[in-house]
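**Student:**
In our numbering, the protein residues as written are 506 to 742.
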(Lines of atoms letter the chains of each structure in order from A and count residues from 1; the text may use other names and numbers.)
(Lines give C-alpha, C1' and ligand atoms only; values in the text may rest on other atoms or scores of the structure.)
Protein backbone atom coordinates (compact mmCIF):
# COMPACT_ATOMS: atom_id res chain seq x y z
CA UNK A 1 0.00 0.00 0.00
CA UNK A 2 2.82 2.39 0.84
CA UNK A 3 4.26 2.66 -2.73
CA UNK A 4 0.78 3.35 -4.10
CA UNK A 5 0.19 6.02 -1.45
CA UNK A 6 3.53 7.63 -2.30
CA UNK A 7 2.68 7.54 -6.02
CA UNK A 8 -0.68 9.21 -5.40
CA UNK A 9 0.91 11.91 -3.24
CA UNK A 10 3.53 12.60 -5.91
CA UNK A 11 0.77 12.88 -8.50
CA UNK A 12 -1.13 15.30 -6.27
CA UNK A 13 1.93 17.52 -5.88
CA UNK A 14 2.60 17.43 -9.63
CA UNK A 15 -0.98 18.41 -10.45
CA UNK A 16 -0.87 21.31 -8.00
CA UNK A 17 2.38 22.52 -9.55
CA UNK A 18 1.00 22.15 -13.06
CA UNK A 19 -2.02 24.24 -12.07
CA UNK A 20 0.35 26.95 -10.87
CA UNK A 21 2.00 27.00 -14.30
CA UNK A 22 -1.37 27.31 -16.04
CA UNK A 23 -2.42 30.12 -13.68
CA UNK A 24 0.85 31.96 -14.38
CA UNK A 25 0.42 31.55 -18.14
CA UNK A 26 -3.10 32.96 -18.00
CA UNK A 27 -2.07 35.82 -15.70
CA UNK A 28 0.62 36.90 -18.18
CA UNK A 29 -1.43 36.84 -21.37
CA UNK A 30 -0.81 40.60 -21.71
CA UNK A 31 2.86 40.60 -20.64
CA UNK A 32 5.18 41.44 -23.57
CA UNK A 33 7.83 38.79 -24.21
CA UNK A 34 6.35 36.30 -21.75
CA UNK A 35 7.10 32.62 -22.45
CA UNK A 36 4.66 29.93 -21.38
CA UNK A 37 5.65 27.08 -19.06
CA UNK A 38 4.13 23.62 -19.52
CA UNK A 39 4.26 20.24 -17.74
CA UNK A 40 6.95 18.04 -19.22
CA UNK A 41 4.58 15.28 -20.31
CA UNK A 42 3.13 17.78 -22.80
CA UNK A 43 6.65 18.54 -24.02
CA UNK A 44 7.31 14.84 -24.57
CA UNK A 45 4.20 14.52 -26.70
CA UNK A 46 5.20 17.61 -28.67
CA UNK A 47 8.71 16.24 -29.19
CA UNK A 48 7.29 13.09 -30.77
CA UNK A 49 5.15 15.17 -33.13
CA UNK A 50 7.93 17.62 -34.06
CA UNK A 51 11.15 15.70 -33.55
CA UNK A 52 13.38 18.27 -35.24
CA UNK A 53 11.73 21.41 -33.84
CA UNK A 54 13.92 23.89 -31.95
CA UNK A 55 11.04 26.01 -30.69
CA UNK A 56 10.69 24.38 -27.27
CA UNK A 57 13.09 23.68 -24.43
CA UNK A 58 12.78 20.43 -22.52
CA UNK A 59 13.75 19.95 -18.90
CA UNK A 60 13.59 17.11 -16.40
CA UNK A 61 10.75 14.68 -17.14
CA UNK A 62 9.41 15.16 -13.63
CA UNK A 63 9.38 18.93 -13.98
CA UNK A 64 8.35 21.37 -16.69
CA UNK A 65 9.67 23.23 -19.68
CA UNK A 66 9.61 26.79 -20.97
CA UNK A 67 8.34 27.23 -24.51
CA UNK A 68 10.65 29.77 -26.15
CA UNK A 69 8.66 29.75 -29.38
CA UNK A 70 8.24 33.08 -31.16
CA UNK A 71 5.28 35.22 -30.11
CA UNK A 72 3.32 37.36 -32.54
CA UNK A 73 4.65 40.87 -33.18
CA UNK A 74 2.19 43.66 -32.44
CA UNK A 75 2.61 47.15 -33.88
CA UNK A 76 2.59 49.99 -31.32
CA UNK A 77 4.46 52.78 -33.17
CA UNK A 78 6.18 53.73 -29.91
CA UNK A 79 9.84 54.64 -30.47
CA UNK A 80 11.14 52.65 -27.50
CA UNK A 81 8.97 49.57 -28.05
CA UNK A 82 11.28 47.00 -29.62
CA UNK A 83 10.54 43.40 -30.63
CA UNK A 84 12.90 40.61 -31.62
CA UNK A 85 12.11 38.24 -34.45
CA UNK A 86 14.35 35.19 -34.09
CA UNK A 87 16.19 33.32 -31.33
CA UNK A 88 17.71 36.17 -29.34
CA UNK A 89 17.39 38.09 -26.07
CA UNK A 90 18.00 41.64 -24.92
CA UNK A 91 20.67 41.76 -22.20
CA UNK A 92 19.64 43.39 -18.93
CA UNK A 93 21.70 44.58 -15.95
CA UNK A 94 19.69 43.55 -12.88
CA UNK A 95 20.05 42.72 -9.16
CA UNK A 96 20.38 39.05 -10.17
CA UNK A 97 23.32 39.91 -12.40
CA UNK A 98 23.09 39.72 -16.17
CA UNK A 99 19.64 38.57 -17.21
CA UNK A 100 17.89 38.19 -20.55
CA UNK A 101 14.49 39.24 -21.84
CA UNK A 102 12.27 39.34 -24.91
CA UNK A 103 10.14 42.10 -23.38
CA UNK A 104 11.00 45.22 -25.35
CA UNK A 105 8.62 47.72 -23.73
CA UNK A 106 11.48 50.04 -22.84
CA UNK A 107 11.58 53.59 -21.46
CA UNK A 108 14.16 56.15 -20.32
CA UNK A 109 15.23 56.55 -16.70
CA UNK A 110 16.09 59.86 -15.05
CA UNK A 111 19.61 59.65 -16.49
CA UNK A 112 18.34 59.21 -20.04
CA UNK A 113 19.31 55.52 -20.20
CA UNK A 114 17.17 52.85 -21.83
CA UNK A 115 15.64 50.62 -19.15
CA UNK A 116 13.08 47.84 -18.92
CA UNK A 117 9.57 48.34 -17.55
CA UNK A 118 11.02 47.27 -14.18
CA UNK A 119 13.67 49.99 -14.38
CA UNK A 120 16.70 47.77 -15.13
CA UNK A 121 19.31 48.99 -17.60
CA UNK A 122 19.22 47.50 -21.09
CA UNK A 123 22.74 46.82 -22.27
CA UNK A 124 24.30 47.93 -25.50
CA UNK A 125 27.45 46.46 -26.99
CA UNK A 126 29.43 49.07 -25.06
CA UNK A 127 27.36 49.20 -21.86
CA UNK A 128 24.15 51.07 -20.93
CA UNK A 129 22.60 53.10 -23.74
CA UNK A 130 22.00 56.80 -23.06
CA UNK A 131 19.73 58.85 -25.29
CA UNK A 132 19.73 62.63 -25.55
CA UNK A 133 17.89 64.50 -28.22
CA UNK A 134 14.82 64.01 -30.34
CA UNK A 135 14.00 61.38 -32.94
CA UNK A 136 15.07 57.84 -32.07
CA UNK A 137 15.58 55.43 -34.98
CA UNK A 138 16.46 51.76 -34.44
CA UNK A 139 17.37 49.66 -37.46
CA UNK A 140 16.93 45.92 -38.01
CA UNK A 141 20.37 45.15 -36.55
CA UNK A 142 19.64 47.00 -33.30
CA UNK A 143 21.71 50.08 -34.17
CA UNK A 144 20.29 53.16 -32.43
CA UNK A 145 20.47 56.67 -33.85
CA UNK A 146 19.22 59.89 -32.29
CA UNK A 147 18.71 62.82 -34.64
CA UNK A 148 20.87 60.99 -37.18
CA UNK A 149 23.76 60.34 -34.77
CA UNK A 150 24.68 56.81 -33.68
CA UNK A 151 24.43 56.43 -29.89
CA UNK A 152 24.70 52.68 -29.42
CA UNK A 153 23.60 49.24 -30.48
CA UNK A 154 21.54 46.72 -28.53
CA UNK A 155 23.50 43.76 -27.24
CA UNK A 156 21.56 40.71 -28.42
CA UNK A 157 22.41 37.36 -26.80
CA UNK A 158 21.70 33.91 -28.18
CA UNK A 159 21.87 30.52 -26.44
CA UNK A 160 22.62 27.20 -28.13
CA UNK A 161 20.72 25.46 -25.34
CA UNK A 162 17.89 27.49 -23.80
CA UNK A 163 17.19 24.78 -21.20
CA UNK A 164 19.83 26.52 -19.03
CA UNK A 165 17.56 29.57 -18.70
CA UNK A 166 15.45 29.95 -15.57
CA UNK A 167 12.71 32.58 -15.12
CA UNK A 168 13.30 35.68 -13.01
CA UNK A 169 10.02 37.51 -12.62
CA UNK A 170 7.54 37.45 -15.48
CA UNK A 171 9.69 37.95 -18.57
CA UNK A 172 13.38 37.82 -17.63
CA UNK A 173 15.68 34.81 -17.47
CA UNK A 174 19.03 34.01 -15.88
CA UNK A 175 21.66 31.66 -17.24
CA UNK A 176 22.26 28.64 -14.98
CA UNK A 177 24.66 26.92 -17.37
CA UNK A 178 28.44 27.03 -17.50
CA UNK A 179 28.51 28.36 -21.05
CA UNK A 180 27.69 31.99 -21.66
CA UNK A 181 25.55 33.28 -24.52
CA UNK A 182 26.91 33.80 -27.99
CA UNK A 183 26.38 36.63 -30.44
CA UNK A 184 22.95 36.41 -32.01
CA UNK A 185 22.63 35.44 -35.65
CA UNK A 186 19.52 35.72 -37.77
CA UNK A 187 17.72 37.99 -35.30
CA UNK A 188 15.75 40.97 -36.58
CA UNK A 189 15.12 44.02 -34.37
CA UNK A 190 11.76 45.72 -34.96
CA UNK A 191 11.20 49.26 -33.66
CA UNK A 192 7.66 50.30 -32.80
CA UNK A 193 6.50 46.75 -32.07
CA UNK A 194 6.20 44.39 -29.11
CA UNK A 195 6.32 40.62 -28.99
CA UNK A 196 3.11 39.26 -27.52
CA UNK A 197 3.27 36.31 -25.10
CA UNK A 198 3.16 32.89 -26.74
CA UNK A 199 0.33 31.77 -24.43
CA UNK A 200 -2.64 30.10 -26.12
CA UNK A 201 -5.56 31.07 -23.89
CA UNK A 202 -8.07 28.45 -25.02
CA UNK A 203 -5.55 25.64 -24.65
CA UNK A 204 -4.59 26.87 -21.17
CA UNK A 205 -8.23 26.86 -20.06
CA UNK A 206 -8.71 23.33 -21.38
CA UNK A 207 -5.50 22.27 -19.63
CA UNK A 208 -6.71 23.83 -16.38
CA UNK A 209 -9.94 21.82 -16.46
CA UNK A 210 -8.02 18.64 -17.32
CA UNK A 211 -5.48 19.19 -14.55
CA UNK A 212 -8.24 19.85 -12.03
CA UNK A 213 -9.86 16.55 -12.98
CA UNK A 214 -6.55 14.72 -12.49
CA UNK A 215 -6.01 16.52 -9.18
CA UNK A 216 -9.41 15.40 -7.91
CA UNK A 217 -8.72 11.84 -9.08
CA UNK A 218 -5.47 11.81 -7.08
CA UNK A 219 -7.34 13.11 -4.03
CA UNK A 220 -9.91 10.32 -4.36
CA UNK A 221 -7.15 7.72 -4.71
CA UNK A 222 -5.48 8.94 -1.51
CA UNK A 223 -8.81 8.89 0.33
CA UNK A 224 -9.47 5.29 -0.80
CA UNK A 225 -5.98 4.22 0.29
CA UNK A 226 -6.45 5.87 3.70
CA UNK A 227 -9.74 4.05 4.17
CA UNK A 228 -8.13 0.74 3.18
CA UNK A 229 -5.29 1.30 5.64
CA UNK A 230 -7.77 2.14 8.37
CA UNK A 231 -9.67 -1.11 7.73
CA UNK A 232 -6.43 -3.10 7.88
CA UNK A 233 -5.48 -1.41 11.14
CA UNK A 234 -8.89 -2.15 12.64
CA UNK A 235 -8.61 -5.82 11.65
CA UNK A 236 -5.16 -6.08 13.23
CA UNK A 237 -6.04 -4.33 16.46
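Using N, Cα and C, we set each Cβ at its ideal position, and we do this for glycine too. Predicted, not measured: the structure shown is a model, and the values here were computed from it.
I think residue 678 touches residue 605, with their Cβ atoms under 8 angstroms apart; what is that distance to the nearest whole Å?
**Tutor:** 5 angstroms
**Student:** Can you check the stretch 595 to 640 for any beta strand (DSSP E) of at least 3 residues that lies completely inside it and give the ranges in chain order?
**Tutor:** 602 to 606, 626 to 629
**Student:** Between 689, 692, 667, 688, which has its C-alpha nearest residue 680's C-alpha?
**Tutor:** 667
**Student:** For residue 599, count neighbouring C-beta atoms within 10 Å of its own C-beta (all shown protein chains included) and say buried if the count is 16 or more, exposed if not.
**Tutor:** buried
**Student:** Could you check what DSSP says for residue 654 in three-state terms: helix, strand or coil?
**Tutor:** strand
**Student:** Does the stretch 624 to 642 come close enough to the stretch 657 to 664 that 3 or more CB-CB pairs lie under 8 angstroms?
**Tutor:** Judged by Cβ distances under 8 angstroms, the stretch 657 to 664 makes contact with the stretch 624 to 642, as three or more pairs qualify.
**Student:** Am I right that residue 569 and residue 542 are in contact with their C-beta atoms under 8 angstroms? What's the rounded C-beta distance?
**Tutor:** 5 angstroms
**Student:** Tell me the rounded alpha-carbon separation between residue 590 and residue 728.
**Tutor:** 50 angstroms
**Student:** Under DSSP, the beta strand (DSSP E) around residue 569 begins and ends at which residues?
**Tutor:** Residue 569 -> beta strand (DSSP E) spans 569 to 571.
**Student:** Between the C-alpha atoms of residue 578 and residue 522, what's the straight-line distance to the nearest angstrom?
**Tutor:** 30 angstroms
**Student:** For residue 533 and residue 739, what's the separation of their Cα atoms in angstroms?
**Tutor:** 51 angstroms
**Student:** Just reading off the beta strand (DSSP E) that residue 671 is part of, what are its end residues?
**Tutor:** 670 to 673
**Student:** Would you check if the distance between the CB atom of residue 624 and the CB atom of residue 614 is smaller than 9 angstroms?
**Tutor:** Cβ distance < 9 angstroms, so residue 624 and residue 614 count as in contact.
**Student:** Using C-beta distances below 7 angstroms, list every residue in its chain close to residue 671, excluding the 5 sequence neighbours before and after it, in chain order.
**Tutor:** 678, 679, 681
**Student:** Confirm, please, whether the CB-CB distance from residue 636 to residue 609 is below 9 angstroms.
**Tutor:** no
**Student:** Taking Cβ positions, are residue 574 and residue 703 nearer each other than 9 angstroms?
**Tutor:** Yes, these two residues count as a Cβ contact at 9 angstroms.
**Student:** Looking at the unbroken beta strand (DSSP E) that takes in residue 692, where does it start and where does it end?
**Tutor:** Segment: none, residue 692 is in no beta strand (DSSP E) and carries neither H nor E.
**Student:** In the DSSP assignment, find the unbroken beta strand (DSSP E) run with residue 662 in it and report its ends.
**Tutor:** 661 to 663
**Student:** Going by alpha carbons, who is nearest to residue 697 out of 585, 651, 735?
**Tutor:** 585
**Student:** Any idea if residue 711 is buried or exposed, counting beta-carbon neighbours within 10 angstroms, 16 or more meaning buried?
**Tutor:** exposed
**Student:** Name the DSSP beta bridge partners of residue 590, please?
**Tutor:** 693
**Student:** Excluding sequence positions up to five away, which residues of its chain have a Cβ less than 7 angstroms from the Cβ of residue 525?
**Tutor:** none
**Student:** In this structure, does DSSP put residue 700 in helix, strand or coil?
**Tutor:** strand
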